[in-house]
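Structure first, commentary second.
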Amino acid sequence: MTLPTIVLETFIQPFNFHHRGSIYNAALFRNTIYAQLRKFHVDDRARAYDFSWSISEKGYLAIITATPSHYKVWVDVRVLQTELATLEAV
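Numbering (the numbering used here), first residue to last: 8 to 97.
Structure below.
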């Protein structure tokens, strides 16, 4: 299991992509493409980390991006091929 990485949001390269009829927010970080799963208010830092930890426990790469106002949890885009809907429901 790889622990979630926490990075400043300015260090990622955001973009959008289309997959199976939906548009996703995505980010490139360290040569891996991530899909955004959730956004948390800055006061919910523990919830953001718990959520990303649960993704990591399933064996997926996850990152958390941070700004002064929010945290976003992202998962390796290869999850789209298997169980993105399951992870979003966690």
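All C-beta atoms in this analysis are idealised placements derived from N, C-alpha and C, irrespective of residue type, glycine included.
#1: Helix, strand or coil for Thr12, going by three-state DSSP, please let me know.
#2: Using the rule of at least 16 other Cβ atoms within 10 Å of the residue's Cβ for burial, across every protein chain shown, is Ile70 buried or exposed?
#3: Out of His25, His77, Val86 and Val84, which one is the CA nearest neighbour of Ile13?
#4: Would you kindly report the start and end of the unbroken alpha helix (DSSP H) that includes Tyr56?
#5: Compare the C-alpha of Asp51 against each of Lys79, Tyr31 and Leu10 and name the closest.
Judging by the given coordinates:
#1: Here the question's residue 12 lines up with position 5 in the sequence shown. Note: Thr12 maps to strand in three-state DSSP.
#2: By 1-based counting over the sequence shown, the position of residue 70 is 63. Answer is buried; the Cβ neighbour count reaches 16.
#3: The sequence position of residue 13 within the sequence shown is 6, counting from 1. Among His25, His77, Val86 and Val84, the Cα nearest to that of Ile13 belongs to His77.
#4: Taking the sequence shown and counting its residues from 1, one reaches residue 56 at position 49. Looking at the DSSP string, the run of the alpha helix (DSSP H) that includes Tyr56 is Arg52 to Glu64.
#5: In the sequence shown, the residue the question calls residue 51 occupies position 44. The shortest Cα separation from Asp51 among Lys79, Tyr31 and Leu10 belongs to Lys79.
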